[in-house]
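Asks: Following this message is one structure expressed as structure tokens.
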Amino acid sequence: MSISVFELFKVGVGPSSSHTVGPMVAARQFVQDLDVAGQLRDTNRVQVHLYGSLALTGIGHGTDMAALMGLLGEAPDTIDVDTIDDKMATIEQDETLCLYGDHTIRFVPGRDLVFHNDEFLPQHANGMTCQAYQGDELLFERSYFSIGGGFVLSEEEFSQKEQIATLLPYDFSSAAQLMDLCEKHGWTIAELAMTNEKAFRSESEVKDALWHIWEVMDESIQRGCHQHGILPGGLKVRRRAAELYRELSKQSDEERRQGLTILDWVSLFALAVNEENAARGRIVTAPTNGAAGVIPAAIAYYVQFVHDPVQHGDLKDQVVKFMLTAGAIGMLFKKNASISAAEVGCQGEIGVACSMASAGLAAVQGGTNQQIENAAEIGMEHNLGLTCDPIGGLVQVPCIERNTMGAVKAINAARLALRGDGAHIVPLDSVIETMRQTGIDMQSKYKETSQGGLAVNAVNC
Ligand code: SF4
Numbered sequence: 173m174s175i176s177v178f179e180l181f182k183v184g185v186g187p188s189s190s191h192t193v194g195p196m197v198a199a200r201q202f203v204q205d206l207d208v209a210g211q212l213r214d215t216n217r218v219q220v221h222l223y224g225s226l227a228l229t230g231i232g233h234g235t236d237m238a239a240l241m242g243l244l245g246e247a248p249d250t251i252d253v254d255t256i257d258d259k260m261a262t263i264e265q266d267e268t269l270c271l272y273g274d275h276t277i278r279f280v281p282g283r284d285l286v287f288h289n290d291e292f293l294p295q296h297a298n299g300m301t302c303q304a305y306q307g308d309e310l311l312f313e314r315s316y317f318s319i320g321g322g323f324v325l326s327e328e329e330f331s332q333k334e335q336i337a338t339l340l341p342y343d344f345s346s347a348a349q350l351m352d353l354c355e356k357h358g359w360t361i362a363e364l365a366m367t368n369e370k371a372f373r374s375e376s377e378v379k380d381a382l383w384h385i386w387e388v389m390d391e392s393i394q395r396g397c398h399q400h401g402i403l404p405g406g407l408k409v410r411r412r413a414a415e416l417y418r419e420l421s422k423q424s425d426e427e428r429r430q431g432l433t434i435l436d437w438v439s440l441f442a443l444a445v446n447e448e449n450a451a452r453g454r455i456v457t458a459p460t461n462g463a464a465g466v467i468p469a470a471i472a473y474y475v476q477f478v479h480d481p482v483q484h485g486d487l488k489d490q491v492v493k494f495m496l497t498a499g500a501i502g503m504l505f506k507k508n509a510s511i512s513a514a515e516v517g518c519q520g521e522i523g524v525a526c527s528m529a530s531a532g533l534a535a536v537q538g539g540t541n542q543q544i545e546n547a548a549e550i551g552m553e554h555n556l557g558l559t560c561d562p563i564g565g566l567v568q569v570p571c572i573e574r575n576t577m578g579a580v581k582a583i584n585a586a587r588l589a590l591r592g593d594g595a596h597i598v599p600l601d602s603v604i605e606t607m608r609q610t611g612i613d614m615q616s617k618y619k620e621t622s623q624g625g626l627a628v629n630a631v632n633c
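Once you know that position 201 of the sequence shown is 373 in the working numbering, the rest is easy, because the numbers rise by one and skip nothing.
Below, the structure is given as structure tokens:
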């Protein structure tokens with residue numbers, strides 16, 4: 173259960189939050205648990221079993237790499253992404269792996285990393301089981317579930333997840349409750365979210381940490397704008413952001429702001445981030461990796477084309493307001509539906525990111541709470557039913573381009589909401605519940621298995 177905005181905005185590594193960040197966290201947790209159990213040094217063999225969607229799209233999503241990096245003790249937010257290829261090559265060549273950076277064992281990836289393509293663990297579509305052996309004797313075993321957005325639950329935590337209590341001083345489990353609390357205290361959504369965050373850290377720490385998140389987002393945009401070549405994975409997808417950046421940079425300031433040119437820039441920001449994600453680079457999981465470009469593109473749009481210090485105030489305060497508002501909306505989806513494509517399809521990734529970005533943009537442009545809720549609702553309503561069908565199991569097609577659509581749709585959703593008075597027919601809670609039900613009804617071939625949709629109809633592109 174989300175209790176902090178920082179659970180929805182996490183510095184991570186590409187290409188997937190559920191299939192890369194989650195498994196890295198899980199494998200690292202396993203070696204930590206093994207160490208705590210006092211059995212790290214008795215272990216001379218480890219096996220990692222990947223089930224369901226983790227097995228079916230694991231290679232394309234970098235799950236193999238993530239699991240091995242986690243066993244080494246690496247974490248998604250701190251790993252030096254430039255060292256990953258060398259680390260993988262060393263494991264494959266030497267057939268050894270240093271567990272938790274402390275205890276070297278023989279490890280043969282083709283033998284010890286097992287993909288169970290036809291088997292799903294009953295609890296969740298993204299399951300993995302890690303086992304530690306001494307010879308043939310099983311010393312320690314634990315299953316983990318990557319439930320979306322880089323969140324990981326152990327088997328025990330998964331069975332208790334409905335009972336996990338939140339520690340929020342102003343807890344809310346629906347948009348209606350959120351709105352009521354804001355109304356009662358005279359707060360904006362961002363103010364309520366900040367009050368909750370202050371249960372864990374000071375206001376200045378919250379602001380600094382959120383600003384740092386934005387800086388990492390911005391760095392991923394900048395890096396993506398200067399990288400050429402073909403993305404890894406075999407689909408031969410050419411990186412487009414750098415060329416587009418070169419073209420757009422020729423414009424004068426006046427030209428940049430003319431008509432629909434701004435949309436080219438918004439698309440550029442999203443492309444840049446998601447090309448970095450596909451290249452296994454450093455990005456912010458927001459709230460997932462597949463959708464990592466939507467919110468940075470929306471914020472960059474605000475920073476570069478909308479923000480007026482006189483009208484809107486300090487930029488840092490505005491970016492913080494954006495993230496707190498977007499985070500509160502993301503919590504509603506996480507709590508009442510899902511942000512896992514393996515559970516609800518792409519509506520849980522691009523759809524949620526779009527809804528969060530719509531709310532954030534409405535907030536920083538002076539929207540009332542009702543207008544913000546309206547923007548969030550519009551942002552999801554027109555993503556309902558969006559399937560997840562990545563070609564080749566890679567987070568590239570349709571994923572990279574889909575982020576441009578999510579960002580542009582968020583801008584439009586915020587504009588539509590701000591043109592109204594906040595009144596609207598479909599409450600945000602209803603659209604979240606509709607998204608959840610639609611996800612349940614969606615066949616599994618459209619839920620991050622690469623067994624349907626574009627993944628089977630465009631295999632030769
Ligand atoms: S299609 Fe959507 S949900 Fe599926 S991997 Fe791509 S971005 Fe993620």
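Heads up, the beta-carbon is just placed ideally off N, CA and C, and yes, glycines get one too.
Kindly list the residues whose CB is nearer than 6 Å to the CB of D128, restricted to its own chain and excluding five residues on each side of it in sequence; keep chain order.
Replies: Here the chain covers residues 173 to 633 and nothing more, so residue 128 does not appear.
Asks: Considering only heavy atoms of the ligand SF4, does any lie closer than 7 Å to the CB of A463?
Replies: Here residue 463 refers to the residue found at position 291 when the sequence shown is read from its first residue. For the ligand SF4, at least one heavy atom lies less than 7 Å from the Cβ of A463.
Asks: According to DSSP, simplified to helix, strand and coil, what is Y474?
Replies: As a working mapping, residue 474 is identified with position 302 in the sequence shown. Reduced to three states, the DSSP call for Y474 is helix.
Asks: Would you say the beta carbon of P562 comes nearer than 7 Å to a heavy atom of the ligand SF4?
Replies: Walking along the sequence shown from the start, residue 562 turns up at place 390. Answer for P562: yes, Cβ within range of the ligand SF4.
Asks: For V324, which residues of its own chain have a beta-carbon under 6 Å away from its beta-carbon, when the five flanking residues on both sides are left out?
Replies: Residue numbering aside, residue 324 sits at position 152 when the sequence shown is read from its first letter. G194, V197, A198, Y316 and S318.
Asks: Buried or exposed: R278, going by 16 or more other Cβ atoms within 10 Å of its Cβ?
Replies: The sequence position of residue 278 within the sequence shown is 106, counting from 1. With fewer than 16 Cβ atoms within 10 Å of its Cβ, R278 is classed as exposed.
Asks: By the three-class DSSP mapping on this structure, what secondary structure does M300 have?
Replies: Here residue 300 corresponds to residue number 128 of the sequence shown, with the count starting at 1. M300: strand per DSSP, three-state reduction.
Asks: Can you find a heavy atom of the ligand SF4 that lies under 7 Å from the Cβ of P570?
Replies: The residue labelled residue 570 in the question sits at position 398 within the sequence shown. Because some heavy atom of the ligand SF4 lies under 7 Å away, the Cβ of P570 counts as near it: yes.
Asks: Three-state secondary structure (DSSP) at I583?
Replies: Position 411 of the sequence shown holds residue 583. In the displayed model, I583 falls within a helix according to three-state DSSP.
Asks: Along the chain, where does the alpha helix (DSSP H) that runs through S527 open and close?
Replies: What you label residue 527 is simply residue 355 of the sequence shown in a count that begins at 1. Here the alpha helix (DSSP H) through S527 covers I522 to V536.
Asks: What separation, rounded to the nearest whole angstrom, lies between the Cα atoms of E620 and Q483?
Replies: In the sequence shown, residue 620 corresponds to position 448, counting from 1. In the sequence shown, residue 483 corresponds to position 311, counting from 1. The alpha-carbon atoms of E620 and Q483 are separated by roughly 43 Å.
Asks: Hey, V536 and Y474 are a contact pair by Cβ (cut 8 Å); roughly how many whole angstroms apart?
Replies: Residue numbering aside, residue 536 sits at position 364 when the sequence shown is read from its first letter. Residue numbering aside, residue 474 sits at position 302 when the sequence shown is read from its first letter. Between Y474 and V536 the Cβ distance is about 6 Å, and since that is below 8 Å, they are a contact.
Asks: Skipping 5 residues on each side, what residues in its chain have a beta carbon closer than 8 Å to that of H400?
Replies: If you number the sequence shown from 1, residue 400 lands on position 228. R411, A414 and E415.
Asks: Taking C-alpha atoms, which residue in L228, A238, N546 and K259 lies nearest to G532?
Replies: Working through the sequence shown from its first residue, we reach residue 532 at position 360. If we check each option's Cα against that of G532, N546 comes out closest.
Asks: Taking the alpha carbon of G186 as the point to measure from, which residue in A525, P570, P404 and Q423 has its own alpha carbon closest?
Replies: As a first step, residue 186 must be located in the sequence shown, where it is residue number 14. When only C-alpha atoms are compared, the closest one is P404.
Asks: Give the list of continuous beta strand (DSSP E) stretches no shorter than 3 residues that lie fully inside the region 425 to 465.
Replies: Segments of the beta strand (DSSP E) lying fully in the region 425 to 465: 454 to 457.
Asks: In this structure, how does DSSP classify G322 when only helix, strand and coil are distinguished?
Replies: To locate residue 322, count along the sequence shown from 1; it is residue 150. Residue state, collapsed to three classes: coil.
Asks: Going by beta-carbon coordinates alone, are M607 and M552 separated by less than 8 Å?
Replies: Here residue 607 refers to the residue found at position 435 of the sequence shown. Here residue 552 refers to the residue found at position 380 of the sequence shown. In contact: M607 and M552 (Cβ atoms closer than 8 Å).
Asks: Enumerate in chain order the residues of its own chain whose CB-to-CB distance from Y618 is below 7 Å, with the five nearest sequence positions on each side excluded.
Replies: On the sequence shown, position 446 is the one that residue 618 refers to. Excluding residues within five positions, the ones whose Cβ falls inside 7 Å are G517, T559, C560, D561, G624 and G625.
Asks: Taking buried to mean at least 16 other C-beta atoms within 10 Å of its own C-beta, is H357 buried or exposed?
Replies: Here residue 357 is taken as the residue at index 185 of the sequence shown, counted from 1. Under this definition H357 is an exposed residue.
Asks: CA-CA distance, A450 and V438?
Replies: The count along the sequence shown starts at 1 and reaches residue 450 at position 278. The count along the sequence shown starts at 1 and reaches residue 438 at position 266. Distance between the alpha carbons of A450 and V438 is about 18 Å.
Asks: Where does I263 land, buried or exposed, given buried means 16+ other C-beta within 10 angstroms?
Replies: Within the sequence shown, numbered from 1, the residue matching residue 263 stands at position 91. Buried, by the Cβ-count rule.
Asks: Can you give the beta carbon distance from P459 to G321, rounded, assuming they're within the 8 Å contact cut?
Replies: Translated into the one-based positions of the sequence shown, residue 459 becomes position 287. Translated into the one-based positions of the sequence shown, residue 321 becomes position 149. Right, the Cβ-Cβ distance comes to about 5 Å (below 8 Å), so this counts as a contact.
Asks: Return yes when the Cβ of S530 is within less than 8 Å of the Cβ of A444, no when it is not.
Replies: Walking along the sequence shown from the start, residue 444 turns up at place 272. Walking along the sequence shown from the start, residue 530 turns up at place 358. Not closer than 8 Å, so no.
Asks: Using CA atoms only, rank isn't needed, just tell me which of M300, C397 and F287 is closest to E419.
Replies: The sequence position of residue 419 within the sequence shown is 247, counting from 1. That would be C397, whose Cα lies nearest to the Cα of E419.
Asks: Apart from the five residues just before and just after S176, which ones in its own chain have a Cβ nearer than 7 Å to its Cβ?
Replies: Taking the sequence shown and counting its residues from 1, the one referred to as residue 176 is at position 4. Hits under 7 Å: E369 and F372.
Asks: Please report the residue range of the beta strand (DSSP E) in which L626 lies.
Replies: Here the question's residue 626 lines up with position 454 in the sequence shown. Here L626 belongs to no beta strand (DSSP E); instead the alpha helix (DSSP H) covers L626 to N629.
Asks: Among V378, T276 and F292, which has the Cα closest to the Cα of E515?
Replies: To locate residue 515, count along the sequence shown from 1; it is residue 343. Distances from the alpha-carbon of E515 to those of V378, T276 and F292 put F292 closest.
Asks: Can you list, in chain order, the stretches of the alpha helix (DSSP H) that have 4 or more residues and sit fully within the region 589 to 625?
Replies: 600 to 613
Asks: Quick one: grab the DSSP three-state call for G186.
Replies: Here residue 186 refers to the residue found at position 14 when the sequence shown is read from its first residue. Note: G186 maps to coil in three-state DSSP.
Asks: Beta-carbon separation of A582 and V466 under 8 Å?
Replies: Within the sequence shown, numbered from 1, the residue matching residue 582 stands at position 410. Within the sequence shown, numbered from 1, the residue matching residue 466 stands at position 294. Taking 8 Å as the Cβ cut-off, A582 and V466 qualify as a contacting pair.
Asks: Taking only heavy atoms of the ligand SF4 into account, decide whether any of them is closer than 7 Å to the Cβ of A450.
Replies: For the purposes of this step, residue 450 is taken as residue 278 along the sequence shown, with counting starting at 1. Outside the cutoff, so no.
Asks: Hey, quick one: how far does the beta strand (DSSP E) through Q219 stretch, first residue to last?
Replies: Numbered from its first residue, the sequence shown carries residue 219 at position 47. R217 to Y223 is the extent of the beta strand (DSSP E) around Q219.
Asks: From the DSSP output, in three-state form, read off S346 for me.
Replies: Taking the sequence shown and counting its residues from 1, one reaches residue 346 at position 174. Coil at S346, not helix or strand.
Asks: Residues in its own chain within less than 8 Å of T576 by CB, not counting five upstream and five downstream?
Replies: In the sequence shown, the residue the question calls residue 576 occupies position 404. Hits under 8 Å: V438, S439, A442, L443, G465 and A469.
Asks: What are the start and end residues of the alpha helix (DSSP H) that includes H484?
Replies: The sequence position of residue 484 within the sequence shown is 312, counting from 1. Unbroken alpha helix (DSSP H) run through H484: P481 to H484.
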